[in-house]
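Participant: Going left to right, the sequence shown walks through residues 224 to 845 as our numbering numbers them.
Beta carbons are placed, not taken as given, at the ideal position from N, Cα and C, and that holds for glycine.
Let me begin by handing over the structure; questions about it come next.
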Amino acid sequence: MKSLLSFLLLLGLGYSLSGESERPAKPNVLLILVDDLGWQDVICYDVDEPAPYETPNLDKLAQRGVLFTNGYSPAPVCSPSRCAIMSGKHPARTMSTTVASGKPPMPHHPQNSFISPWCRGGMDTNNVTIAEALKSNGYKTGHVGKWHIAVNHYAFPQPVDEGFDFSSHYPGNSQARGVQNGMPNRLQGFATDKENDPYRLDEKGYPRDHVTEEALRFLSENKDNPMFLYYASWLVHTPIQTRSQELLKKYCEKLGVAYPQDPKGWTLEGQQNPYYCAMVETLDYYVGKLIGYLENTEDPRWPGHKLSENTYVLFSSDNGGMEGYSNIVFTDNYPLDEGKIHVREGGIRVPFLISGPEVARGVKSEVVVNGLDFYPTILGWTGTPNSAKQILDGSDLGALLRTDPTVASKVMDERTNKPRESMFWHFPNGYCQQSAHLKNGYKLIYNHPYERQRVELYQLYDAAGKRVDWEETKDLSKEKSELAESMKTELLGFLMEMNAGMTHYNPSCTKVKMPGAGKVVSVLDQQRINRRVRLRYQENGAKLVSAQVIYSFNGDSSDSEWFPLDAKIIPSSGENPAKVEATLPPKTTHYVYNLVDENNFMVCHPILNKQDFGGTALKVER
Numbered sequence: 224m225k226s227l228l229s230f231l232l233l234l235g236l237g238y239s240l241s242g243e244s245e246r247p248a249k250p251n252v253l254l255i256l257v258d259d260l261g262w263q264d265v266i267c268y269d270v271d272e273p274a275p276y277e278t279p280n281l282d283k284l285a286q287r288g289v290l291f292t293n294g295y296s297p298a299p300v301c302s303p304s305r306c307a308i309m310s311g312k313h314p315a316r317t318m319s320t321t322v323a324s325g326k327p328p329m330p331h332h333p334q335n336s337f338i339s340p341w342c343r344g345g346m347d348t349n350n351v352t353i354a355e356a357l358k359s360n361g362y363k364t365g366h367v368g369k370w371h372i373a374v375n376h377y378a379f380p381q382p383v384d385e386g387f388d389f390s391s392h393y394p395g396n397s398q399a400r401g402v403q404n405g406m407p408n409r410l411q412g413f414a415t416d417k418e419n420d421p422y423r424l425d426e427k428g429y430p431r432d433h434v435t436e437e438a439l440r441f442l443s444e445n446k447d448n449p450m451f452l453y454y455a456s457w458l459v460h461t462p463i464q465t466r467s468q469e470l471l472k473k474y475c476e477k478l479g480v481a482y483p484q485d486p487k488g489w490t491l492e493g494q495q496n497p498y499y500c501a502m503v504e505t506l507d508y509y510v511g512k513l514i515g516y517l518e519n520t521e522d523p524r525w526p527g528h529k530l531s532e533n534t535y536v537l538f539s540s541d542n543g544g545m546e547g548y549s550n551i552v553f554t555d556n557y558p559l560d561e562g563k564i565h566v567r568e569g570g571i572r573v574p575f576l577i578s579g580p581e582v583a584r585g586v587k588s589e590v591v592v593n594g595l596d597f598y599p600t601i602l603g604w605t606g607t608p609n610s611a612k613q614i615l616d617g618s619d620l621g622a623l624l625r626t627d628p629t630v631a632s633k634v635m636d637e638r639t640n641k642p643r644e645s646m647f648w649h650f651p652n653g654y655c656q657q658s659a660h661l662k663n664g665y666k667l668i669y670n671h672p673y674e675r676q677r678v679e680l681y682q683l684y685d686a687a688g689k690r691v692d693w694e695e696t697k698d699l700s701k702e703k704s705e706l707a708e709s710m711k712t713e714l715l716g717f718l719m720e721m722n723a724g725m726t727h728y729n730p731s732c733t734k735v736k737m738p739g740a741g742k743v744v745s746v747l748d749q750q751r752i753n754r755r756v757r758l759r760y761q762e763n764g765a766k767l768v769s770a771q772v773i774y775s776f777n778g779d780s781s782d783s784e785w786f787p788l789d790a791k792i793i794p795s796s797g798e799n800p801a802k803v804e805a806t807l808p809p810k811t812t813h814y815v816y817n818l819v820d821e822n823n824f825m826v827c828h829p830i831l832n833k834q835d836f837g838g839t840a841l842k843v844e845r
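And the structure:
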């Protein structure tokens with residue numbers, strides 16, 4: 224009996240020891256989101272022409288995991304993409320569709336035919352962020368680098384407000400942008416080897432980057448726990464500069480261009496900007512330092528193994544490459560058309576790499592994926608429930624990555640529980656004013672402004688997933704009119720489901736003749752009694768169909784954020800003119816009216832001055 228007991232005890236001990244040697248159930252997650260990096264700016268994505276950039280660390284990451292050739296950002300600009308990745312929700316759903324938003328709708332220019340809809344300036348704190356979800360599951364959560372999920376970089380909410388235990392991003396931190404801090408000009412302020420130089424060159428000749436150092440510090444201090452690090456590099460966003468003079472010289476020689484004498488501008492077309500080349504290589508080096516730390520550091524939770532063996536790494540960009548502006552050329556997204564700020568391929572197709580435990584190695588996949596997929600995928604990897612039961616607009620890529628990453632049918636649409644067929648973008652802002660729909664290799668672009676209101680249809684891939692027209696040069700909207708109409712209907716249905724903000728027409732525009740512009744309502748007067756506000760109006764041939772009061776709690780501030788409030792429309796009765804009424808929330812400081820008629824024209828009252836919202840908006844005396 225005693226021997227049997229001893230045997231059982233040994234069995235139990237053996238089981239325990241075996242259990243300790245198993246990979247911890249809660250893996251680490253490193254999410255690397257870089258800024259404005261083009262699809263063709265990483266060597267492993269070279270297609271038609273070899274790029275001059277050197278990205279050995281990112282190329283290694285691709286070899287150790289899955290490289291998605293058809294990876295997309297949630298939006299063509301940074302803030303909505305970042306909000307979408309953190310919240311798991313489509314920008315159209317959250318009404319976070321552009322940068323520096325949260326202002327009342329107004330014409331960008333008196334001669335613009337369109338008025339962008341209101342969109343949220345800061346992420347809605349009612350959303351459960353991926354950091355909050357992981358924190359509730361016992362994770363240490365860290366953020367370094369760019370945030371920009373508010374009306375500006377440092378407005379509410381900040382990372383610590385959204386579930387991050389640690390963040391190096393805060394006002395007053397002179398090194399918060401790392402090497403992307405401003406230089407006197409691009410040919411002065413290079414890093415040196417002097418002890419007091421905040422960008423002091425390291426042993427390999429690269430400048431010190433505070434963002435990367437803070438990331439390494441978080442990893443080192445939290446490796447005893449399951450951890451999630453959101454590394455949001457400021458590179459390769461403007462200013463287009465390099466702290467390394469040696470790298471600048473290196474790429475001047477490699478490109479065969481003269482060392483610059485004038486710090487301003489760069490006009491050579493294509494991927495021939497040595498400043499930008501140096502930035503790409505520098506970014507690659509910092510990513511390599513993070514991956515190197517994981518590969519060379521023992522995992523305290525898994526003795527005998529390195530941190531890298533139980534860490535998922537996701538790498539992508541917030542939007543496509545910024546090709547340049549004015550007289551400055553940054554990069555070239557060829558063969559993709561356009562770049563940042565556009566829903567064409569150059570603005571939304573991005574590098575997209577995933578590696579980690581049970582992820583296939585060295586696979587190139589043509590499956591269509593999106594940054595929105597990060598949230599549900601991370602939940603799946605970490606065993607974290609969607610406790611808030613909030614809608615997630617991406618798909619869990621776990622099954623795809625565990626089995627065969629080339630089989631698109633393994634990516635399930637969370638809404639239909641069927642293989643995902645469609646992907647949508649909504650950017651009713653700026654000059655572009657476009658939405659897009661990608662389905663079965665075809666891409667529809669819907670142009671919102673009146674004078675450009677039409678659809679375009681391109682075939683990016685054939686039925687086998689092979690390249691057809693990445694350049695988006697052959698518009699098939701007339702040739703395949705039924706398909707175009709069907710995809711347009713699906714797109715508009717998606718936007719309606721999301722309650723997306725839509726473009727309105729500007730009745731003050733004289734450059735474009737729009738039927739109905741002379742029929743818009745005219746404001747008779749407006750009145751406020753305490754928090755009750757009223758505006759009386761006259762219809763001039765077009766029925767008023769919706770009305771909002773856009774209000775602010777700090778309208779005199781440059782950081783002000785404004786919010787919409789539906790107003791009640793009361794038709795005219797006898798001698799009483801028609802009116803709209805609303806009750807302002809407590810502590811409102813400023814407000815304006817937005818009136819939309821049946822022809823989609825918006826009347827703003829008062830007409831705002833972009834430089835002085837508070838001075839032109841209606842003020843609430845306190």
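1) Can you have a look at Leu357 and say buried or exposed, based on whether 16 or more other CB atoms are within 10 angstroms of its CB?
2) Can you tell me which residues form a DSSP beta bridge with His828?
3) Using the beta-carbon count (16 or more within 10 Å), is Gly365 buried or exposed?
4) Report the residue ranges of all beta strand (DSSP E) runs contained in full by the region 743-769; include only those spanning at least 3 residues, in chain order.
5) Report the three-state DSSP secondary structure of Phe337 (helix, strand or coil).
6) Tell me the DSSP secondary structure of Arg440 in three-state form.
7) Relative to the alpha-carbon of Tyr665, which residue among Arg638, Asp636, Asp627 and Glu705 has its alpha-carbon at the smallest distance?
8) Assign Ser456 to buried or exposed, taking buried as 16 or more other Cβ atoms, counted over all protein chains shown, within 10 Å of its Cβ.
9) Roughly how many whole angstroms lie between the Cα atoms of Phe575 and Ile308?
10) Would you identify the three-state DSSP class for Thr364, choosing helix, strand or coil?
11) Is it the case that the Cβ atoms of Asp555 and Glu568 are separated by a distance below 9 angstroms?
12) If you pair each beta-carbon of the region 757-767 with each one of the region 815-829, do three or more pairs fall below 8 angstroms?
13) Based on Cα-Cα distance, which residue from Thr839, Ser531 and Asn542 lies nearest to Leu284?
14) Give the DSSP-derived three-state secondary structure of Gln403 in the structure shown.
15) Do you know offhand how far Thr806's Cα is from Asp820's?
16) What span of residues does the alpha helix (DSSP H) with Tyr276 cover, start to end?
17) Sort out for me which residues DSSP pairs Ala805 with in a bridge.
18) Between Gly543 and Pro299, how many whole angstroms is the CB-CB distance? I'm expecting something under 8 angstroms.
19) First and last residue of the alpha helix (DSSP H) that includes Met309?
20) Does the distance from the CB of Asp685 to the CB of Val691 come in under 9 angstroms?
21) If we ignore side chains and look at the alpha-carbon of each, how far apart do Leu517 and Ile577 end up?
22) Measuring straight from C-alpha to C-alpha, what distance separates Pro672 and Gln656?
23) With a CB to CB cut of under 7 angstroms and the five nearest residues on each side skipped, what residues in its chain are close to Gly242?
24) Between the Cα of Ala723 and those of Cys732, Arg316 and Val634, spot the shortest distance and give me the residue it belongs to.
25) Note the first and the last residue of the continuous beta strand (DSSP E) segment covering Tyr669.
26) Met635 bridges to which residues according to DSSP?
27) Within a Cβ cutoff of 7 angstroms, which residues of the same chain sit near Phe379, ignoring the five residues on either side of it in sequence?
28) Comparing alpha-carbon positions, which option in Ser296, Tyr362, Asn404 and Ile338 lies nearest Gly368?
29) Tell me which same chain residues have a C-beta within less than 7 angstroms of the C-beta of Asp789, skipping the five on either side of it?
30) For Ser645, which residues in the same chain have their Cβ closer than 6 angstroms to its Cβ, ignoring the five residues on either side in sequence?
31) How would you label Lys587, buried or exposed, when you count the other beta carbons within 10 angstroms and need 16 or more for buried?
32) Between the region 499-514 and the region 459-470, do three or more beta carbon pairs fall short of 8 angstroms?
33) For Met721, does the three-state DSSP call read helix, strand or coil?
34) Asp789 bridges to which residues according to DSSP?
35) If you draw a straight line from the C-alpha of Ala384 to the C-alpha of Asn550, how long is it?
36) How long is the line joining the alpha carbons of Lys326 and Val768, rounded to whole angstroms?
Facilitator: Short version:
1) buried
2) Tyr816
3) buried
4) 745-752 and 755-761
5) strand
6) helix
7) Glu705
8) buried
9) 13 angstroms
10) Strand at Thr364.
11) Taking 9 angstroms as the Cβ cut-off, Asp555 and Glu568 do not qualify as a contacting pair.
12) yes
13) Ser531
14) In the three-state DSSP reduction, Gln403 falls in the helix class (H, G or I).
15) Distance between the alpha carbons of Thr806 and Asp820: 22 angstroms.
16) Counting along the chain, no alpha helix (DSSP H) covers Tyr276, and no H or E run does either.
17) Val756
18) With a contact defined as Cβ atoms closer than 8 angstroms, Gly543 and Pro299 qualify at about 7 angstroms.
19) Cys301 to Ser310
20) yes
21) Each residue's Cα considered, the two are about 15 angstroms apart.
22) Cα to Cα, the separation comes out at about 7 angstroms.
23) Unreliable positioning characterises Gly242 in this predicted model, as indicated by a pLDDT of 42, which lies under 50. A coordinate reading is not provided.
24) Arg316
25) Tyr665 to Asn670
26) Pro642
27) Result list for Phe379: Gly345 and Ala373, in chain order.
28) Asn404
29) Gln771
30) Result list for Ser645: Lys662, in chain order.
31) It counts as exposed.
32) yes
33) helix
34) Gln771
35) It should be pointed out that residue 384 corresponds to Asp in this sequence rather than to Ala. Each residue's Cα considered, the two are about 40 angstroms apart.
36) 22 angstroms
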